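S.K.:
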Amino acid sequence: MRRNFFLWLSISTFFIFLVGFLIGVSFGQHPDLQINRLLTLINLQQADSVEDAERHLSAWSKNLQQFGHLLDSPCDSEVIKIVNDDPRFTAYGMVEPNGDVICTSELSTTNVNLADRPYFQQALETKQLSMSGFQVGRFTGKSVIAYALPVLNTQGEVTQVAFIGIDLAWVNRLFNNFKLPSGMEVVMTDANGVIELYYPTDDTKIGQSVFDPKIFSIVLSQQTGKISAKGVDGVTRMYYYGPIYLDKDEEADAFLLVGLPRRPIIDFSPIMPVILFGSGLVLIVVQFKLLRRFAH
């Protein structure tokens with residue numbers, strides 16, 4: 002009997018402290034941590050998309066070097082057609098060094114010229130993968146990020162430039178899976194604070210400035226942090242923000258801002274040690290009284 006009593010007392014003590022610890026951890030979870038997880042997830046998926054885009058373009062380039070003379074059009078290559086089944090990618094195509102588009106996945110012939118696109122010029126100059134940043138695709142009309150890779154001959158000269166676009170809609174699909182609470186605003190901007198993605202989805206917000214330029218300059222200088230500001234919908238929120246990387250370098254190409262409604266929230270984390278200490282003290286007193294009663 003005595004052994005069972007002490008066993009029950011030990012187990013109950015352990016579980017009470019375990020529950021208290023878990024409650025403390027739960028109350029100690031700040032929005033900063035959740036936003037950081039979301040940023041990490043987006044950056045990891047974007048890095049995978051960039052890697053896949055480069056892999057597809059490189060395979061297409063090598064295929065054209067070997068078998069391009071057998072094709073009526075570079076876009077007839079089965080190597081690049083496999084991206085049609087990948088929802089991340091939009092249009093792809095091949096461009097002459099002068100910027101004239103030879104073909105795209107959207108059109109067999111076109112009179113579009115990309116010579117004015119900075120990412121196309123960069124691909125010609127560096128002979129490496131280049132990135133456009135946010136832009137509206139001329140073939141799809143969607144907000145995309147274009148990547149270009151030059152096709153080289155045996156002398157290392159650029160004969161053509163292959164490009165592919167990544168559709169940003171996958172980010173909104175990710176937000177949908179998170180089941181974000183009502184009143185929350187999630188915004189992705191370019192490096193100038195211009196909105197490129199808005200959640201809940203509202204295309205009328207695209208192209209607007211997320212904040213006053215003076216306020217966004219704080220985001221630009223600090224890169225990560227939080228700031229209280231009025232959003233484009235006129236609602237004041239606490240915005241947690243961090244950088245998004247659209248290519249392989251370590252320079253922030255975009256920013257994710259998550260705005261939380263300014264509701265009164267009781268944060269128990271600062272006094273959690275006191276709560277746990279007090280609970281433990283009460284538990285010890287109760288156990289002592291039980292032991293004395295049992296001893297008598």
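If you use the numbering used here, the sequence shown corresponds to residues 2 to 297, in order. Every residue gets a Cβ at the ideal spot worked out from N, C-alpha and C, and that includes glycine. The structure displayed is predicted, hence computed values, not measured ones.
1) Using a Cβ distance threshold of 8 Å, determine whether the stretch 242 to 259 contacts the stretch 174 to 194, with at least three qualifying pairs required.
2) Going by DSSP in three states, residue 144 sits in which element: helix, strand or coil?
3) For residue 30 and residue 46, what's the separation of their Cα atoms in angstroms?
4) Nearest-angstrom Cα distance between residue 298 and residue 252?
5) Just list the residues that DSSP pairs residue 191 with in beta bridges.
6) Quick check on the burial criterion: 16 or more other C-beta atoms within 10 angstroms. Buried or exposed for residue 22?
7) By the three-class DSSP mapping on this structure, what secondary structure does residue 60 have?
8) Buried or exposed for residue 57, going by 16 or more other Cβ atoms inside 10 Å?
9) At a cut-off of 7 Å, would you count residue 91 as near the ligand MN, judging by its Cβ distance to the nearest heavy atom?
10) Please specify which runs of the beta strand (DSSP E), each continuous and at least 3 residues long, are wholly inside the stretch 143 to 231, giving them in chain order.
11) Specify, as a first and last residue, the run of the alpha helix (DSSP H) that residue 123 falls within.
12) Which residue from 39, 95, 223 puts its Cα closest to that of residue 148?
13) Could you say which of 123, 170, 161, 122 lies nearest to residue 137 if we only look at CA atoms?
14) Are the beta-carbon atoms belonging to residue 166 and residue 91 less than 8 Å from one another?
15) Please identify the residue among 145, 124, 139, 134 whose C-alpha is closest to the C-alpha of residue 151.
16) Less than 8 Å separating the beta-carbons of residue 156 and residue 97?
17) Just to confirm, are residue 133 and residue 118 a CB contact at a threshold of 8 Å?
18) From the DSSP secondary-structure annotation, give me the bridge partner or partners of residue 114.
19) Expressed to the nearest angstrom, what Euclidean distance is found between the alpha-carbon atoms of residue 1 and residue 168?
20) Leaving out the 5 sequence neighbours to the left and right, which residues in its chain are closer than 8 Å to residue 73 when beta-carbon positions are compared?
21) Among residues of its own chain, excluding the 5 on either side of residue 50, which ones have a beta-carbon nearer than 7 Å to its beta-carbon?
22) For residue 216 and residue 246, what's the separation of their Cα atoms in angstroms?
23) Starting from residue 245, follow the beta strand (DSSP E) in both directions and report where the run begins and ends.
24) To the nearest angstrom, report how far apart residue 143 and residue 52 are at their CA atoms.
25) For a test of the three-state rule: what should DSSP assign to residue 233, helix, strand or coil?
26) For residue 349, which of helix, strand or coil comes out of DSSP?
27) CB-CB under 6 Å to residue 196, same chain, minus the five flanking residues each way: which ones, in chain order?
28) Answer with buried or exposed for residue 83, where buried requires no fewer than 16 other C-beta atoms within 10 angstroms of its C-beta.
M.R.: Put simply:
1) yes
2) In the structure shown, residue 144 sits in a strand (DSSP, three-state: E or B).
3) Caution applies to residue 30, whose pLDDT of 49 falls short of 50 and renders its modelled position unreliable; the model cannot decide the point.
4) Outside the modelled stretch of the chain, which goes from 2 to 297, sits residue 298, for which no answer is possible.
5) 255
6) Because residue 22 carries a pLDDT of 48, less than 50, the predicted location of this residue cannot be relied on, and the following value inherits that uncertainty. It is exposed - the Cβ of residue 22 has fewer than 16 other Cβ atoms within 10 Å.
7) helix
8) buried
9) This structure does not include the ligand MN; it has no bound ligands of any sort.
10) 144 to 153, 159 to 168, 186 to 191, 196 to 200, 226 to 231
11) 119 to 127
12) 95
13) 170
14) yes
15) 124
16) Remark: C-beta atoms of residue 156 and residue 97 do not approach each other more closely than 8 Å.
17) yes
18) Beta bridge pairing from DSSP links residue 114 with 101.
19) Summary: the structure shown does not reach residue 1, with the chain confined to residues 2 through 297, and so no result is reported for it.
20) none
21) 89, 167
22) 21 Å
23) 237 to 245
24) 21 Å
25) coil
26) Outside the shown range of the chain (2 to 297) lies residue 349, about which nothing can therefore be said.
27) Result list for residue 196: 188, 190, 206, 207, 209, 211, in chain order.
28) Its Cβ having fewer than 16 others within 10 Å, residue 83 is exposed.
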